[in-house]
Amino acid sequence: MVNSVDYVIVGGGSAGCVLAARLSEDPDISVVLLEAGGENDAFLINMPAGTAKLMGHKNYDWCLPTETDSSIGGREMQWSAGKVLGGSSSINGQVYMRGERSDYDNWEKLGCAGWNWGSVFPYFLKSETLHDAPSQSHGTYGPLSVSPVRQPQAIGQYVIDAFEQIGVPLNADYCDGSQFGVYRVYATQKDGRRCSAANAYLDPVRTRANLTIITGAQVDNIVIENNRATGVVYRHNGADVRINAAREVILSAGTVHSPTILMRSGIGPAAHLSAHGIDVVVDLPGVGQNLREHNTISVAQFVSIPTLSAQLGPFRMVGHLFDYLFRSKGLLTTPAVQVMAALKSDPDLPEPDLILSMLPVAATFNDEGNAVIEQRASFSFGFHVARPQSRGEIRLRSANPLDKPIIDHRLLGDGGDVAKLVKGLRLIERLCRAPALARIITGTLRPAPFPEKDTELEDYVRRSVGIGYHSVGTCRMGPDGDPLAVLDPELRVRGVAGLRVVDASVMPEPVSANTNAPTIMIAERAAELIMRMQ
Ligand SMILES: Cc1cc2nc3c(=O)[nH]c(=O)nc-3n(C[C@H](O)[C@H](O)[C@H](O)COP(=O)(O)OP(=O)(O)OC[C@H]3O[C@@H](n4cnc5c(N)ncnc54)[C@H](O)[C@@H]3O)c2cc1C
Numbered sequence: 043m044v045n046s047v048d049y050v051i052v053g054g055g056s057a058g059c060v061l062a063a064r065l066s067e068d069p070d071i072s073v074v075l076l077e078a079g080g081e082n083d084a085f086l087i088n089m090p091a092g093t094a095k096l097m098g099h100k101n102y103d104w105c106l107p108t109e110t111d112s113s114i115g116g117r118e119m120q121w122s123a124g125k126v127l128g129g130s131s132s133i134n135g136q137v138y139m140r141g142e143r144s145d146y147d148n149w150e151k152l153g154c155a156g157w158n159w160g161s162v163f164p165y166f167l168k169s170e171t172l173h174d175a176p177s178q179s180h181g182t183y184g185p186l187s188v189s190p191v192r193q194p195q196a197i198g199q200y201v202i203d204a205f206e207q208i209g210v211p212l213n214a215d216y217c218d219g220s221q222f223g224v225y226r227v228y229a230t231q232k233d234g235r236r237c238s239a240a241n242a243y244l245d246p247v248r249t250r251a252n253l254t255i256i257t258g259a260q261v262d263n264i265v266i267e268n269n270r271a272t273g274v275v276y277r278h279n280g281a282d283v284r285i286n287a288a289r290e291v292i293l294s295a296g297t298v299h300s301p302t303i304l305m306r307s308g309i310g311p312a313a314h315l316s317a318h319g320i321d322v323v324v325d326l327p328g329v330g331q332n333l334r335e336h337n338t339i340s341v342a343q344f345v346s347i348p349t350l351s352a353q354l355g356p357f358r359m360v361g362h363l364f365d366y367l368f369r370s371k372g373l374l375t376t377p378a379v380q381v382m383a384a385l386k387s388d389p390d391l392p393e394p395d396l397i398l399s400m401l402p403v404a405a406t407f408n409d410e411g412n413a414v415i416e417q418r419a420s421f422s423f424g425f426h427v428a429r430p431q432s433r434g435e436i437r438l439r440s441a442n443p444l445d446k447p448i449i450d451h452r453l454l455g456d457g458g459d460v461a462k463l464v465k466g467l468r469l470i471e472r473l474c475r476a477p478a479l480a481r482i483i484t485g486t487l488r489p490a491p492f493p494e495k496d497t498e499l500e501d502y503v504r505r506s507v508g509i510g511y512h513s514v515g516t517c518r519m520g521p522d523g524d525p526l527a528v529l530d531p532e533l534r535v536r537g538v539a540g541l542r543v544v545d546a547s548v549m550p551e552p553v554s555a556n557t558n559a560p561t562i563m564i565a566e567r568a569a570e571l572i573m574r575m576q
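Sequential numbering from 43 applies to the sequence shown in the working numbering.
Right, dumping it as structure tokens:
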């Protein structure tokens, strides 16, 4: 067992895989990657359509409960986050998206020097290989494969036509920092298989002598001596193991777990730590605060044309399996989201504030968090506020690392978010009346009947809103003097040397995008910042 290396990376998810691969490019640097989950070689993970079965699957998903949320009618929800190499990128919906130019320019305005669009764009390119016509806004040599959807469903074109009929243009490339319009999505896939961060970054470098990957290794806490992180303690095969980091410990355990590891190590809001009997090393009140999430609403319609639901019977499945296994084609290569749109809830807004996803299927979620597919021909829209203002927090339930953390979401705590979602419902109502969709829609599955008054729509929003699985912000970076900034703009934890956080939790504000590619970008840039310190 290795017991001392240069860098210890905690969490082998979207960010952790990037860091492990980039830092170990130098053969003189030793790296250990500790991942609580297992290997990423399961059939369900590699098959793109497996996402629906992975969510809520105890082998691959942390399956965390959220607290009762009074902003959404006192409901509790299942929170999904990948617990496997590749992290959430091994169970996610594979939509490839970067966000608006202004998302990142805004980070810089908030005091996060070096994170404006011009600075981060090269890292999106560095990470990516696009398997489509060459384009200046895409990468050609990066580890992460990005591809068009292999089997687009007919309903997608009806939706695109309907958008154009209500004045929302087709956006030929939504990845150049300007997303307004409707578009066919790219997927993080290669040859019809999922391309997780583990497939992209780890698999090609696993044989490096200076890189050790340990799965089933759940980190309890960081060892801090004289205000310097010198290692971590993790559980492996029932025993506590300590590993030392000569240069840095890097937390990449994601939006829920990075703040909890900091807190268990004595870094966080002093009163909260003391209440759990944890000695305070640094009083950082921002740890676990600023939990931001894409609060998502669903609308589902019945249609007169076949959609995915009509193609899911057991006999058809045999054919789909054959197509997938022997031809890398067909339905099982298909991510759930095929068409998206970035929309303005008010035409006078300078940029989109609503993000919509079209799924060629309608589903509900059961109590275990698994998707249950509607059998009748149907499709659905999921949409969310691009940069929600509602804020929740992550807290410790106890000092015991095996206790699930408290996820106190307050998903619709901000009235402005609710108002935007109501406007979004009105927009969808208008879209469904556009000729291209009106002639195939035969009825409404959800909400049924479609409410007439705004107050009823608001009630629907609060009763039905769900998690978008794009949580960010709980260890946010910020400038000197910002009392709630956990990290400086180079992602170093304030008050402790040799310790960084690099994952989705560092984002100071949400991006108008699904968060996998932005997290990978963050890790690409962080790797360079770290190597520059050598
Ligand atoms: C169901 C779902 C669907 C999504 N769909 C999309 C999509 O279509 N497109 C998109 O762009 N984004 C999507 N996302 C979001 C995106 O995948 C995540 O934002 C991104 O993967 C986060 O990366 P991360 O590195 O911050 O965390 P993660 O990728 O979650 O990695 C954290 C890793 O740390 C490990 N870990 C946690 N605690 C410990 C510990 N104590 N010790 C050791 N290891 C630990 C975890 O097991 C995990 O492997 C989705 C997410 C989910 C959950």
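Ideal placement from N, C-alpha and C gives every residue a C-beta, glycine not left out. Computed from a predicted model, the values in this text were never measured in an experiment.
I'd like to confirm something about V137: is its beta-carbon nearer than 7 Å to some heavy atom of ligand 1, or not?
yes
Could you please give the first and the last residue of the uninterrupted alpha helix (DSSP H) stretch that includes A287?
Taken as a continuous stretch (DSSP letters only), A287 belongs to no alpha helix (DSSP H), being part of the beta strand (DSSP E) at A281 to L293.
- Look at the alpha carbon of E109 and the alpha carbon of Q331, and state the distance between them as a whole number of angstroms. 15 Å
Closer than 7 Å: is that where the CB of S131 sits relative to any heavy atom of ligand 1?
yes
Practice problem: Tell me whether the beta-carbon of A383 lies closer than 8 Å to the beta-carbon of L398. | Solution: yes
### Task
Tell me whether E566 counts as near ligand 1, meaning its Cβ is closer than 7 Å to at least one heavy atom of that ligand.
no
Inset, instruction - Can you give me the start and stop residues for the alpha helix (DSSP H) that S420 sits inside? - result: Where S420 is concerned, there is no enclosing alpha helix (DSSP H), although the beta strand (DSSP E) it sits in stretches over S420 to V427.
- Message: I'd like the list of long-range same chain contacts for T93, defined as Cβ closer than 6 Å, with 5 residues on each side in sequence excluded.
- Response: G135
*asked:* Pop quiz: Q195 and L350 are said to be a contact at Cβ under 8 Å. What is the actual Cβ separation, rounded to whole angstroms?
replied: 6 Å
Can you grab the Cα-Cα spacing for the pair F364 / L374, in whole Å?
10 Å
Check: Which two residues bound the contiguous alpha helix (DSSP H) that contains D147?
Finding: R143 to K151
(message) Relative to the C-alpha of Q199, which candidate in G55, I266 and A478 has its C-alpha closest?
(response) A478
Rounding to the nearest angstrom, what Cα-Cα distance links I256 and T561 in this structure? 22 Å
- In or out: Q120 buried (at least 16 other Cβ within 10 Å) or exposed? buried
Given that a residue counts as buried once 16 or more other Cβ atoms are within 10 Å of its Cβ, and exposed if not, what is F368?
exposed
*asked:* Starting from Y502, trace the alpha helix (DSSP H) in both directions and tell me its first and last residue.
replied: D496 to S506
Original post:
Hey, is the stretch 216 to 233 in contact with the stretch 492 to 504, meaning 3+ C-beta pairs nearer than 8 Å?
Top reply: no
*asked:* Does the distance between the C-beta of S122 and the nearest non-hydrogen atom of ligand 1 fall short of 7 Å?
replied: yes
- Query: Is I255 near ligand 1, with its Cβ less than 7 Å from a heavy atom?
  - Reply: no
Three-state secondary structure assigned by DSSP to P107: strand
Should T557 be counted as a contact of ligand 1 given a C-beta to heavy atom distance under 7 Å?
-> yes
(Q) Can you give me the C-alpha to C-alpha distance between P311 and A342, rounded to a whole angstrom? (A) 43 Å
Specify whether the stretch 514 to 530 and the stretch 320 to 329 touch according to this definition: at least 3 beta carbon pairs, one from each stretch, less than 8 Å apart.
yes
Please list, in chain order, all residues of the same chain as F492 whose beta carbon is under 7 Å from its beta carbon, the five residues on each side excluded. E471 and T486
Three-state secondary structure assigned by DSSP to F205: helix
Exercise. Indicate whether G582 and G129 have their beta-carbon atoms separated by less than 8 Å.
Key: The chain is shown from 43 up to 576; residue 582 falls before or after that span and cannot be answered.
Q.
I need the DSSP call for G115, collapsed to helix, strand or coil.
A. coil
Subject >> Given H370 as reference, the closest of M519, D233 and A546 once Cα atoms are compared >> reply: Looking at the sequence itself, residue 370 is Ser, so the reference to His does not match. Here the closest residue by C-alpha is D233.
Taking the C-alpha atoms as reference points, what is the distance between P225 and Y102?
Correcting the residue type first, residue 225 is Tyr in the shown sequence and not Pro. Those two C-alpha atoms are separated by around 31 Å.
Give the C-beta separation of L463 and S113 to the nearest angstrom, bearing in mind that I take them to be a contact with Cβ-Cβ under 8 Å.
L463 to S113, Cβ: 12 Å. No contact.
Since L333 sits in a beta bridge, which residues does DSSP pair it with?
G434
For this session: Measure the Cβ-Cβ separation of A63 and I51 and say whether it is below 8 Å.
Result: no
### Task
Can you tell me which of the three DSSP states F492 falls into?
coil
Requested in this report: Compare the C-alpha of S346 against each of A546, S300, I197 and D111 and name the closest.
Outcome: I197
- Neighbourhood of M24 by C-beta, 6 Å cutoff - its chain only, sequence neighbours within 5 removed: Nothing can be reported for residue 24: it is not among the residues displayed for the chain, which extend from 43 to 576.
- request: Classify Q178 as buried or exposed, calling it buried when 16 or more other Cβ atoms lie within 10 Å of its own Cβ.
  value: exposed
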